[in-house]
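The numbering of the sequence shown is the working numbering, which starts it at 19 and goes up by one.
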Amino acid sequence: MNKEWDIELLEQTDSMISFSWTPTDEVSRIKKDGEIVYTGTQASFHEEGLSAGELFCYTIERQTPQGSWVPALKLLTGTEKRDPDCINQLEQIVLSTIVSHNRISLAWGAIDGIDEYDIYRDGEQVAKIAKTQFTDRDVPEDREVVYWVRARRPVERTESPLRKIKSFAANIFGALNLGSSQEQAAVEKFWLSKKIAPLNQLLKEGEGKPPALKWHLRYLTFLPDDVLKNPNLTSPNPYFQGDNRTFDPDSKHYRSLTNSIVNLVEQQSTFDFDKDIGTSIAYNWRRKFRKADVASSEGVSAKITEETPLKTEILITHSVGNPLTTSPNIDYELSATFYRNGVYDFIGVHDQSPNHEIYLKLEDDGAWQPLHQTESEGLAWMADPIAAHYWRFSNFL
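Below, the structure is given as structure tokens:
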């Protein structure tokens, strides 16, 4: 019982998951989402016929001399979701998480055109690596931790039909915008994040009761400046009022706001959605008030895209322009999957302007927790062909 176990090989496709762990003579038992699926001395497990794009939690248990079963390893992984027409490659890969006592391992699918990843734990960089896996061997057992995997990719490395268009647009963009270089405009950002519950909670004996879940999801876009110069030099509105703030889930100053509530308390889930658009204010060349208006919210929508006994998935799409001048829209898309066991998975893409902030809280009286916060690169970065920001945030509960 003294030898530590570890996952030695993990493979998955869009319909198969296979893994093996440290070979021993001990009897082991595997639970999949709480159900026993294997008991024996073979240190491997193989499963086929799975649905694409699904998450599964496997617990590998070992038997004590007294005959009780205790968790040795826990693995949260899933099947791939292959789609040649998918723009966001983070939607197709799997971020697997392996936890044991004092140790956490992350493994993710390779992203085309990326050969280096920055790893952060609780906001502090801990590694820069070339491989698509990372192990932290000194993890506190009594508190949650959050890992970020971040990477950047030049547009010319993108295997996409839009590559040439984006690359050309970035060159023009960099030449016309003095605050940005062609290199900046032609770099896509990829952020993977994993929030992991305390290890002593994940590895405790026995299965806890499934939580009653009512999730609140808030997405805001805002302009951090007090006053901004219009990048459209031909516009009669040379300046605009910004929101003059930093990240704040409760701020009343924003370009747009959406609130989603996914209630999984009952057997049949419910979904509520509301949206609001902030007032746009234009100034003349003397920075005096000239005009104000509110853009239409018709380009903002949300719907349930899939519902099963195990999960509810929603999709939010957003495209809102400036009602006072001809300019690119603020565009984003977010897919959010909520599992009834408490696991969630968010996959999003947005332009690199303006500021984007996404928050989550549990129950009506919960506290907002940040999922994703990005700072604007400048208004001109909302142009459609410019490099986008791709992100994914999930948890292990």
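Where is the CB? At the ideal position from N, CA and C, for every residue including glycine.
- Beta bridge pairing from DSSP links Trp-209 with Arg-168, Trp-409.
- Of the residues assessed, Ile-147 falls on the exposed side of the cut-off, its CB having fewer than 16 other CB atoms within 10 angstroms.
- Collapsing the DSSP output to three states places Gln-219 in a helix.
- If one requires a minimum length of 3 residues, the beta strand (DSSP E) runs lying completely within the segment 283-328 are 288-295, 297-301, 307-312, 318-325, in chain order.
- The count of Cβ pairs closer than 8 Å, one atom from the segment 250-268 and one from the segment 326-339, stays below three, leaving the stretches out of contact.
- The segment 92-99 and the segment 387-395 do not touch, with fewer than three beta-carbon pairs separated by less than 8 Å.
- Rounded to the nearest angstrom, the Cβ distance from Arg-170 to Val-205 is 5 Å, consistent with a contact under 8 Å.
- Shown here, Glu-375 sits in a strand according to DSSP, grouped into three states.
- Relative to the Cα of Thr-150, the nearest Cα in the group Asn-347, Leu-124, Pro-102 belongs to Leu-124.
- Runs of the beta strand (DSSP E) lying entirely within the segment 331-386 and spanning at least 3 residues, in chain order: 348-357, 362-368, 373-380.
- About 12 Å separates the CB atoms of Ile-348 and Thr-276; that is not less than 8 Å, and the two are not in contact.
- Within the model, the alpha-carbon separation for Pro-83 versus Val-361 is close to 33 Å.
- Counting only the Cα atoms, Lys-309 lies some 5 Å from Ala-300.
- With contacts defined by Cβ atoms closer than 7 Å, Phe-208 and Tyr-408 form a contacting pair.
- The three-state secondary structure of Leu-73, taken from DSSP, is strand.
- Sequence-distant Cβ neighbours of Leu-282 in its own chain, meaning closer than 8 Å and more than five residues away, are Ala-230, Leu-231, Lys-232, Trp-233, Thr-330, Phe-356, Arg-358.
- In this structure, DSSP gives Glu-65 an extended state, which the three-state scheme calls strand.
- Note that the C-beta distance between Asp-154 and Ile-122 is below 7 Å.
- Separation of the CB atoms of Glu-72 and Gly-52 is rounded to 15 Å, and the pair is thereby denied contact status at 8 Å.
- Counting along the chain, Pro-89 sits inside the beta strand (DSSP E) bounded by residues 87-96.
- By the Cβ-count criterion, Gly-296 is buried, with 16 or more other Cβ atoms from all chains shown falling within 10 Å of its own Cβ.
- Rounded to the nearest angstrom, the Cβ distance from Thr-344 to Asn-255 is 10 Å, too far for a contact under 8 Å.
- For His-234, the uninterrupted beta strand (DSSP E) segment begins and ends at 232-240.
- The alpha-carbon of Asn-373 is positioned some 24 Å away from that of Cys-104.
- Secondary-structure assignment with DSSP links Ala-125 through a beta bridge to Ser-114, Gln-151.
- Gln-84 carries a coil assignment under DSSP once its states are collapsed to helix, strand and coil.
- Here Ser-269 has Leu-238, Phe-240, Asp-261, Arg-263 as same chain residues with Cβ atoms under 8 Å from its own Cβ, once five neighbours each way along the sequence are excluded.
- Asp-43 and Thr-59 have their C-alpha atoms some 6 Å from each other.
- Taking C-alpha positions only, Phe-307 is separated from Val-245 by approximately 11 Å.
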